[in-house]
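Engineer: In our numbering, the protein residues as written are 105 to 243.
Structure, rendered in C-alpha cells:
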C-alpha cells in the first residue's frame, strides 16, 4: 500500500472524496493545496479532512483540480456555487467566474391578428313605379 501515503480523503458535508495529494497541489495557495495534519480540519481518528461545505458543488471543484476546466453544476444556483468556490479559495488564485450562465429565452410566437372581412352594404335598387294605363298610384 505504498500508494496510500499519496492519497488524501476529504469529507465534504458528509460525502467522502478520495484523491491524490499532487492533484490538490495543482492550484497553489488555495486551502486544499495547503492541507496538513496539523490543520483544524484534520480528523486524526478518521484520517481525513472535514469541510462543512456543499458536497454537490465540491464534486465540480475537485474536477477542476483534476482537469483544469471549471464547469458550473446545473442543480444549484450560480451564487451558491460561487460562494463554494470562494470557500475553497483561501488566498490563492482560484478562479471565481462571474456571470452564471443564463438560459437564453426562447421567443414566444405572438399571434398575428387576421383581418375579418367587414360586409360592405350593397345598394339595393328601389323599384321605380312604371305607369300602367288604368292604374293610378296614390302618393
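Glycine included, C-beta positions come from ideal geometry on N, C-alpha and C.
Which stretch, first to last residue, makes up the beta strand (DSSP E) that contains residue 114?
Structural biologist: That run of the beta strand (DSSP E) goes 111 to 116.
Engineer: Just tell me which of 117, 143, 193 has its CA closest to the CA of residue 132.
Structural biologist: Out of 117, 143, 193, 193 has the C-alpha closest to the C-alpha of residue 132.
Engineer: Please confirm whether any heavy atom of the ligand ZN lies closer than 7 Å to the CB of residue 144.
Structural biologist: Here there are no bound small molecules, and the ligand ZN is not part of this structure.
Engineer: What residues are listed by DSSP as bridge partners for residue 119?
Structural biologist: According to DSSP, which records beta bridges pairwise, residue 119 is partnered with 116.
Engineer: Within the same chain, show all residues whose beta-carbon is closer than 7 Å to that of residue 191, passing over the 5 residues directly before and after it, in chain order.
Structural biologist: Here the set comprises 157.
Engineer: Is residue 153 helix, strand or coil when you go by DSSP?
Structural biologist: Strand.
Engineer: Checking the sheet assignment: what are the DSSP bridge partners for residue 146?
Structural biologist: Answer by DSSP bridge pairing, in chain order: 153.
Engineer: Is residue 188 buried or exposed, if buried means 16 or more other CB atoms sit within 10 Å of its CB?
Structural biologist: Per the 10 Å Cβ criterion, buried.
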